[in-house]
Amino acid sequence: MRLRKILLAFLPMLLASGHVSADVEFYTGLAIGQSDSEARGSDVAARLSSYDVDSVSVDGDDTGWRFYVGLTFTDILAIEFGYADLGDVSTNVAADISPSETAQFATDVANALPVMPAGLTLAGVARFGFADMGATGPLAQKLSVALRLGMIDADSDRDATGASGRDESDASPYYGVSLGMDFNDNWRGSVGYEVFNMDDRAGFWSAGVEYRIPKNQ
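In this text, residue positions in the sequence shown follow the working numbering: the first is 35, and each later residue adds one.
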């Protein structure tokens with residue numbers, strides 16, 4: 035929640051300011067890909083250890099996406115504001131319970147469910163061109179690698195049949211790496227991988243595109 039307040043307060047002031055340096059390069063991007071929660075059935079079963087649980091299955095694969103706006107302050111460093119939604123985790127729980135336990139069991143199952151991260155993001159980015167690292171050839175001028183380290187203000191819901199669980203509302207770290215290729219001065223394609231360190235850690239493989247406004251425009 036604290037991260038959200040920082041974003042909502044800082045970003046409008048920055049964009050509205052008439053004193054943004056001419057050296058700042060703005061860009062925006064969208065990445066879509068495959069998310070994978072590391073949550074396992076045994077994790078959910080452990081959270082429901084007070085019940086006679088027969089089996090738990092977890093499907094942690096889903097489609098995710100991330101949208102962001104970036105500001106590049108140097109040839110290497112940038113900061114990104116955005117929103118990420120890695121989809122949902124599907125969980126099935128089978129247990130032997132008495133009728134009197136049904137309502138409480140549904141609530142406890144909802145609270146035990148793993149979730150994917152979804153929320154506002156803030157990250158620092160360091161981008162290194164292949165040519166700057168000593169590579170040669172036509173592609174070296176177009177290729178770059180970017181390292182990201184940031185936080186996500188997660189706000190994910192837990193819902194089970196007959197009950198709703200606690201929301202996952204907390205700021206958690208995430209990090210990642212991506213490979214970019216410049217098509218021209220404005221457009222860049224990228225492929226990358228990011229890890230979100232929530233209670234149930236999740237990975238995100240993605241392909242995306244960025245649109246940049248060069249400093250000389």
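Here a beta-carbon is modelled for each residue, glycine too, at the ideal position from N, C-alpha and C.
For the alpha helix (DSSP H) holding GLY75, just list the boundary residues, first then last. Numbered from its first residue, the sequence shown carries residue 75 at position 41. 75-81 is the span of the alpha helix (DSSP H), which, as asked, contains GLY75.
Exposure of TYR254, with buried meaning 16 or more beta-carbon neighbours within 10 Å: Past the boundaries of the shown model lies residue 254; the chain is included only from 35 to 251, so the question cannot be answered.
On a Cα-Cα basis, can you pick out the residue from VAL149, PRO151, ALA180 and ILE247 that is closest to VAL159? What you label residue 159 is simply residue 125 of the sequence shown in a count that begins at 1. The candidate whose alpha carbon is nearest that of VAL159 is ALA180.
Can you look up VAL103 in the DSSP assignment and give me helix, strand or coil? Working through the sequence shown from its first residue, we reach residue 103 at position 69. Of the three classes helix, strand and coil, the one that applies to VAL103 here is strand, per DSSP.
Considering only the beta carbon of each residue, do ALA236 and PRO151 sit closer than 8 Å? Taking the sequence shown and counting its residues from 1, the one referred to as residue 236 is at position 202. Taking the sequence shown and counting its residues from 1, the one referred to as residue 151 is at position 117. The answer is yes: Cβ separation under 8 Å.
Could you spell out where the alpha helix (DSSP H) holding ALA144 opens and where it closes? Counted from its first residue, the sequence shown places residue 144 at position 110. Unbroken alpha helix (DSSP H) run through ALA144: 136-146.
Going by alpha carbons, who is nearest to VAL211 out of ARG222, TRP221, ASN220 and VAL229? Numbered from its first residue, the sequence shown carries residue 211 at position 177. Nearest option by C-alpha distance: VAL229.
For the segment 102-116 against the segment 70-85, do three or more pairs of beta-carbon atoms, one drawn from each stretch, fall closer than 8 Å, so that the two count as touching? Judged by Cβ distances under 8 Å, the segment 102-116 makes no contact with the segment 70-85, as fewer than three pairs qualify.
Bounding residues of the beta strand (DSSP E) (the contiguous stretch that carries VAL87): Reading the sequence shown from its first residue, position 53 is the one you call residue 87. Unbroken beta strand (DSSP E) run through VAL87: 86-93.
Supposed close pair ASP119, ASP95 - CB separation, criterion 8 Å: The residue you call residue 119 lines up with position 85 of the sequence shown. The residue you call residue 95 lines up with position 61 of the sequence shown. 15 Å between Cβ atoms; not a contact.
May I ask you to report which of helix, strand or coil DSSP gives ILE247? Within the sequence shown, numbered from 1, the residue matching residue 247 stands at position 213. Looking at ILE247 - three-state DSSP - the assignment turns out to be strand.
In its own chain, which residues sit with a C-beta less than 7 Å from the C-beta of ARG74, not counting the 5 before and 5 after it? One-based indexing of the sequence shown puts residue 74 at position 40. Closer than 7 Å at Cβ, skipping near neighbours: VAL92.
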